[in-house]
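See below for the structure under consideration.
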Amino acid sequence: MTITQTKTKSPALDERVAKRSPFQKLLGRPEVGALVGALVLFIFFAVVSPTFTQPNALATILYGSSTIGIMAVGVSLLMIGGEFDLSTGVAVISSALTASMFSWYFSTNVWVGVVLALLVSLGIGYINGWILMKTKLPSFIVTLATFLMLTGLNLGLTRLIGGSVSSPSISTMDGFGSARAVFASSVTIGGIDVKITVFIWIALVAVATWVLMRTKVGNWIFAVGGDENAARAVGVPVKATKIGLFMGVGFCGWILGMHNLFAFDTVQSGEGVGNEFLYIIAAVIGGCLLTGGYGSAVGGAIGAFIFGMANKGIVYAQWNPDWFKFFLGLMLLLATIVNLIVKRRAELK
Amino acid sequence: MNAKQIDQQTLLQNEKDPLTHTPVHLLSLEGVGKHYGNIIALSDVTMAVDNGRVTCVLGDNGAGKSTLIKIIAGLHQHDAGVLNIMGEERKFSSPRDALDAGIATVYQDLAVVPLMPIWRNFFLGSELTSGFGPFKSMDVEKMKAITLKELAEMGIDLRDVEQPIGQLSGGERQCVAIARAVYFGAKVLILDEPTAALGVKQSGVVLRYILQARDRGLGVIFITHNPHHAFPVGDRFLLLKRGKSIGYYDKKDITLDELTAQMAGGAELAELAHELEQLGGHSEALKEVKAEVAVVADAVQAGAPGHG
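Those sequence lines, one after another, are chains Z and G.
Residue numbers for the first sequence follow my numbering, beginning at 1 and rising by one.
Residue numbers for the second sequence follow my numbering, beginning at 1001 and rising by one.
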């Protein structure tokens, strides 16, 4: 989380700029609301449940967070770019089903299926973005349509090809072991098993943060989300940027889909519905504005971490899990109110 | 006191580039027209822009000013007439195309992204990068330093280029947009109603930036509906009305009063007077409008041939 804060010393420091303390700098960041929320939630669960702060429990929480967080990276960037995607939840399953069904049906090495799944995931992103830019319809409508179509395709094709609602087991096929090692293994650190998705998640956040803060593509992402027409007028390739963002979401969906597949070995074709909201919630809690142009990848990660803590914390505190959704809703409301205040302040002259 | 229109034939033949003394304009339009479906937005407009000169385009709402600049800026394509850049016929397919030809536009809404820092806005679409291949990153410190320096040269002394551009005043934002265009090697600078939303003092500041850009050797196209803003800075004046050119003057051939009279349109005022008369009960307003009609009629009779 220090990546966005690293700033080399400016050569021309103006004496009229009062030195801001690190605390004040932090207050100006998009993810500040989420960070405060995460701290409060962490302390709260640490107090009510002694097991919550055990290393093993933390590894479990991080794992839970990473399965949301990996998608939240792509979704956060997309939201900063001014669009959002309702098809992500089922697109993850589509990707997993593609890999599993293809390699099973044609009896290929599973890696063939994995590569095909990547193409399908990027393709779904491309189609979403292309239709959006072509028709100028709101992304809500376009991706809602994709969501419904993918839901139907997942169920229909799985039954048509495999004759069942879940994909056949591929655990004995060639390449399963190596694919599992890449997408669903654990790394032991100090006697604690940490799932590999946690590291993939952290790596994705780091790359996304670098892209956003330090590359021209990042500049374009902020611009197309902040004011699409202004961006176009100064020569930003708006269409390519937005389509690229949707494809980025597709890429994240592919990683999560592969994890889901190789962590078990079969995929339920009806899964994934509703998860798209979790990713969007993580991004919004993390400070991404629904209207675009503002936010950070780190924010989405904190949002996902809040989700993981609330999800597992309730279990560790031995409460009824019914309360989970209430927590999530409350966090969402509080975080968006904080974001609103931040944006108003930024727009004030 | 004789507002004689520039003869459009001689205008395009006899002018010379002040730097190279070649007989071409930096930018010129000849009989340019544009229609949207069956709506004729612009027809037969002829004008020229030269280095270190300000060409003002004046007109009321709906006169075709926006269509004109959209053609020059590459947002729309004209479907009649010729657009020449340095004597070469061009038709821009995108704003990027026009930018590459050295035409920068400062739009009414400024084409800035309010939530983004000033330096990011300054370099938006033309970011400086260092490194190779996929590891190319922006040269942030250099970009910040250049932003600060360029703005200082335009007379805006900013404290922090990291603040969102939305926090600047209208005049300052205008200045950032102009400085950006100048820095990126614009030869022609189009300013779309830069003073429309500004107060008197801020307008003065923007007019000063226009002169500064002119003194740097840019050809400036200044779009406005306010002759009081156009006259002090302009070298040539193109008057548009309902998509047609109603006059094209050199500064030496016209006075501010005549310009105002042409803009105001004596006929419209007379019509307004007539309508007020029919309504009745607005005697004071009517008196004022009638006085205005008389003034305009005087100015028109004194100089310009009967237009409008």
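Just so it is clear, CB atoms sit at the ideal spot from N, CA and C, and this is done for glycine as well.
#1: Can you tell me which of Z:GLY293, Z:ILE285, Z:ILE302 puts its alpha carbon nearest to the alpha carbon of VAL338 (chain Z)?
#2: Under 8 Å, CB to CB, which of the residues in the region 221-244 of chain Z have a partner in chain G?
#3: Decide if SER269 (chain Z) is buried, meaning its Cβ has at least 16 other Cβ atoms within 10 Å, or exposed.
#4: Excluding the 5 residues flanking LEU332 (chain Z) on each side, which residues of the same chain have their C-beta closer than 7 Å to its C-beta?
#5: When DSSP labels each residue in this structure, what does ALA240 (chain Z) get in the three-state scheme?
#6: Please classify THR2 (chain Z): is it buried, with 16 or more other beta-carbons within 10 angstroms of its beta-carbon, or exposed?
#7: Run through chain Z and tell me which residues come within less than 7 Å of MET1116 (chain G), C-beta to C-beta.
#8: Examine chain G for any beta-carbon lying closer than 7 Å to the beta-carbon of LYS134 (chain Z), and answer yes or no.
#9: Buried or exposed for ASN229 (chain Z), going by 16 or more other Cβ atoms inside 10 Å?
#10: By the DSSP assignment, the beta strand (DSSP E) with ALA145 (chain Z) in it spans what residues?
#11: Report yes or no: do three or more beta-carbon pairs, one from the region 1204-1223 of chain G and one from the region 1043-1062 of chain G, lie closer than 8 Å?
#12: Using DSSP bridges, identify the partner residues of THR1105 (chain G).
#13: On the premise that GLY1081 (chain G) lies in contact with GLU1030 (chain G), defined as a C-beta separation below 8 Å, what is that separation, rounded to the nearest angstrom?
#14: For GLY1131 (chain G), I'd like the list of residues in its chain whose CB is within less than 6 Å of its CB, leaving aside the five on either flank, ordered along the chain.
#15: Is it the case that the region 255-275 of chain Z contacts the region 94-114 of chain Z, given that we only count it when at least three CB pairs across the two stretches are under 8 Å?
#16: At what residues does the alpha helix (DSSP H) containing ASP1035 (chain G) begin and finish?
#17: Count the CB pairs spanning the region 133-153 of chain Z and the region 195-210 of chain Z that are closer than 8 Å, and state whether there are at least three.
#18: Out of G:GLU1193, G:PHE1237, G:ALA1213, G:ASP1100, which has the shortest C-alpha to C-alpha gap to ILE1085 (chain G)?
#19: Exposed or buried, TRP319 (chain Z), counting other C-beta atoms within 10 Å across all chains shown (16 or more means buried)?
#20: Let's test the definition: count the other Cβ atoms within 10 Å of the Cβ of GLU1127 (chain G) and tell me whether it reaches 16, buried, or not, exposed.
#21: How about SER1137 (chain G): is its C-beta nearer than 7 Å to some C-beta of chain Z?
#22: What does the Cβ neighbour count give for GLU31 (chain Z), buried or exposed, with the cut at 16 atoms within 10 Å?
#23: What in chain Z is Cβ-close to VAL1112 (chain G), meaning under 8 Å?
#24: Using a Cβ-Cβ cut-off of 7 Å, state whether LEU261 (chain Z) counts as contacting chain G.
#25: Less than 7 Å separating the beta-carbons of GLY175 (chain Z) and VAL110 (chain Z)?
#26: So, at 7 Å on beta carbons, what are the nonlocal neighbours of ILE341 (chain Z) in its own chain, with the 5 sequence-adjacent residues on each side left out?
#27: Rounding to the nearest angstrom, what Cα-Cα distance links ALA301 (chain Z) and VAL249 (chain Z) in this structure?
#28: Mind checking LYS1134 (chain G): buried by the 16 CB within 10 Å criterion, or exposed?
#29: Taking the alpha-carbon positions, what's the ARG1096 (chain G) to LYS1201 (chain G) distance?
On the basis of the data shown:
#1: Z:ILE285
#2: PHE222, ALA223, GLY226, ASP227, ASN229, ALA230, ALA231, ARG232, ALA233, VAL234, GLY235, VAL236
#3: buried
#4: ILE281, VAL284, ILE285
#5: helix
#6: Any reading at THR2 (chain Z) is ruled out, since the residue's pLDDT is 38, under 50, leaving its predicted position unreliable.
#7: PHE222, ALA223, GLY226
#8: no
#9: exposed
#10: Not the beta strand (DSSP E): ALA145 (chain Z) falls in the alpha helix (DSSP H), residues 139-162.
#11: yes
#12: G:ILE1190
#13: 6 Å
#14: SER1137
#15: yes
#16: Note on residue identity: the sequence assigns His, not Asp, to residue 1035 (chain G). That residue, HIS1035 (chain G), is in no alpha helix (DSSP H); its beta strand (DSSP E) goes 1027-1036.
#17: no
#18: G:ASP1100
#19: exposed
#20: buried
#21: yes
#22: buried
#23: ASP227, ALA230
#24: no
#25: yes
#26: none
#27: 15 Å
#28: Per the sequence presented here, residue 1134 (chain G) reads as Pro, with Lys not at that position. Exposed, by the Cβ-count rule.
#29: 33 Å
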